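S.K.: Structure in structure tokens, see below.
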Amino acid sequence: MTLRTNLIACALLSLVLGCSTESPTKPSGDSAVEEQAVASPESKKPAVSLAPAGDPTPPLDQGRVQSTMPKGWKFLPRSNDYLFAAYHQDKGGVPRLVLRQIEAGDLPTTDSAETAKPLATAIGKEFPSGGISPLSVLNVGENWYVRFEKKMSFRSEPATGVFLVTVQGGKRFTLELLTYANKKDDFLPALYRFAGDLKIEAAEPVANEAASGEESPESEADSSSS
13 MTLRTNLIAC ALLSLVLGCS TESPTKPSGD SAVEEQAVAS PESKKPAVSL APAGDPTPPL
73 DQGRVQSTMP KGWKFLPRSN DYLFAAYHQD KGGVPRLVLR QIEAGDLPTT DSAETAKPLA
133 TAIGKEFPSG GISPLSVLNV GENWYVRFEK KMSFRSEPAT GVFLVTVQGG KRFTLELLTY
193 ANKKDDFLPA LYRFAGDLKI EAAEPVANEA ASGEESPESE ADSSSS
């Protein structure tokens with residue numbers, strides 16, 4: 013299956029955060045994400061191909077979250093610091109893909125450029141001093157994300173973090189690619205592969221919660237471990 017994504021100006025989000033939208037077009041002969049500069053609609057960045065699909069991830073978050081590994085990437089051991097992580101060649105180095113989740117609060121499901129606006133606003137408030145690239149809205153496959161980049165460092169070398177954030181199933185998911193700055197374009201296809209194949213199911217309501225208005229001790233234990 014092929015994919016092409018164009019970046020178009022999103023006036024609604026631009027009023028708040030200088031945010032732009034990347035929306036899908038008809039598939040073409042090569043799997044690609046085509047980004048278009050916000051300030052100058054005519055200037056386009058190079059197309060970025062999606063990485064070939066590798067193995068499916070193991071069931072995550074009690075089976076509610078699933079995606080596809082980029083081909084050639086390997087799983088990192090499970091940790092309480094993230095939901096999922098993978099590396100390319102160096103287990104202790106970069107590039108690295110990390111998926112994290114937190115409760116979404118009252119943020120709506122991110123399923124369009126319009127519903128991404130509250131999420132973009134929330135992210136902007138988390139970086140009051142800036143330090144991140146302009147926010148954009150990215151549509152990959154059936155998923156919508158707020159995208160931004162942040163300058164970082166790894167082993168005293170310049171690095172870049174590329175972040176894709178979405179709200180699905182009542183939770184806020186952040187997919188991060190960390191890589192050396194001069195290698196970012198080489199590994200963006202891996203990020204887009206994982207993002208495009210991400211499937212998230214809504215958590216089932218706690219039994220008897222609606223009737224009693226309270227959670228049982230067993231339910232509390234279940235929710236704290238998820």
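For the sequence shown, the residue numbers in this note's numbering are 13 to 238.
Glycine residues also receive a C-beta, built at the ideal position from the N, C-alpha and C atoms.
All of these numbers come straight from a predicted model, not from anything done at the bench.
For the segment 172 to 185 against the segment 116 to 123, do three or more pairs of beta-carbon atoms, one drawn from each stretch, fall closer than 8 Å, so that the two count as touching?
M.R.: The segment 172 to 185 vs the segment 116 to 123: in contact.
S.K.: What beta strand (DSSP E) runs, 3 residues minimum, are completely inside the segment 110 to 174?
M.R.: 148 to 152 and 155 to 166, all fully within the segment 110 to 174.
S.K.: What distance in whole Å lies between the Cβ atoms of Leu-189 and Pro-71, which are believed to be in contact at a cut-off of 8 Å?
M.R.: No, Pro-71 and Leu-189 are not in contact; Cβ-Cβ is about 23 Å, not under 8 Å.
S.K.: Check the C-beta distance from Lys-86 over to Ala-65 and give it rounded, since I have them as a contact under 8 Å.
M.R.: That belief does not hold up - the Cβ atoms of Lys-86 and Ala-65 are roughly 15 Å apart, past 8 Å.
S.K.: Using the C-alpha atoms, what's the distance from Gln-78 back to Thr-69?
M.R.: Approximately 6 Å, taken between the alpha carbons.
S.K.: Rounded to whole angstroms, what's the CA-CA distance from Gln-101 to Glu-115? Just pull it up for me.
M.R.: Distance between the alpha carbons of Gln-101 and Glu-115: 32 Å.
S.K.: Could you tell me which residues DSSP puts in a beta bridge with Arg-184?
M.R.: Note: Arg-184 sits in a beta bridge opposite Ile-114 and Val-179.
S.K.: If I'm right that Val-149 touches Ala-128 with Cβ under 8 Å, what's the distance once you round it to whole angstroms?
M.R.: Sure, about 5 Å apart at Cβ, within 8 Å.
S.K.: Where Tyr-204 and Ser-145 are concerned, what is the direct C-alpha to C-alpha distance, given to the nearest angstrom?
M.R.: Rounded to whole angstroms, Tyr-204 to Ser-145 spans 18 Å at the Cα level.
S.K.: Taking the continuous alpha helix (DSSP H) assigned at Tyr-99, which residues delimit it?
M.R.: Element bounds for Tyr-99: not the alpha helix (DSSP H) but the beta strand (DSSP E), 96 to 99.
S.K.: How about the segment 153 to 169 and the segment 206 to 213: do they share at least three Cβ pairs that are nearer than 8 Å?
M.R.: Output reads yes: the segment 206 to 213 touches the segment 153 to 169.
S.K.: Using a Cβ-Cβ cut-off of 6 Å (strictly less than) and excluding sequence neighbours within five positions of Ala-97, which residues of its own chain qualify?
M.R.: Leu-88 and Val-110.
S.K.: Which whole-angstrom value describes the C-beta separation of Ala-132 and Leu-147, a residue pair presumed to lie in contact below a C-beta threshold of 8 Å?
M.R.: Indeed they touch by this definition, with Cβ atoms about 5 Å apart.
S.K.: In angstroms, rounded to a whole number, what distance separates the CA positions of Leu-95 and Phe-185?
M.R.: Taking the straight line from one Cα to the other gives about 9 Å.
S.K.: Kindly indicate which three-state DSSP category Gly-66 falls into: helix, strand or coil?
M.R.: Strand at Gly-66.
S.K.: Measure the alpha-carbon distance for Gly-208 versus Phe-175 and round it to whole angstroms.
M.R.: Taking the straight line from one Cα to the other gives about 14 Å.
S.K.: In the DSSP output, which residue or residues are listed as bridge partners for Ser-91?
M.R.: According to DSSP, which records beta bridges pairwise, Ser-91 is partnered with Tyr-94.
S.K.: Taking the straight line between their C-alpha atoms, what separation do you get for Lys-103 and Gln-74?
M.R.: Spanning the two alpha carbons is a distance of roughly 25 Å.
S.K.: Beta strand (DSSP E) containing Pro-239: first to last residue?
M.R.: The shown model of the chain, from 13 to 238, leaves out residue 239, and the question about it has no answer.
S.K.: Out of Ala-193, Lys-195 and Phe-206, point me to the one whose CA is closest to Leu-187's CA.
M.R.: Comparing Cα positions, the closest option is Phe-206.
S.K.: Mapping DSSP to helix, strand and coil, what is Leu-203?
M.R.: Of the three classes helix, strand and coil, the one that applies to Leu-203 here is helix, per DSSP.
S.K.: Mind checking Phe-139: buried by the 16 CB within 10 Å criterion, or exposed?
M.R.: So Phe-139 ends up on the exposed side.
S.K.: Within this structure, are the beta carbons of Thr-172 and Ala-193 separated by less than 7 Å?
M.R.: Result yes, Cβ atoms of Thr-172 and Ala-193 sit closer than 7 Å.
S.K.: Take the Cβ of Ser-90 as the centre, count every other Cβ of all protein chains shown within 10 Å, and call the residue buried at 16 or more, exposed below.
M.R.: Just to set this straight, residue 90 is Arg in the shown sequence, not Ser. Label assigned to Arg-90: exposed.
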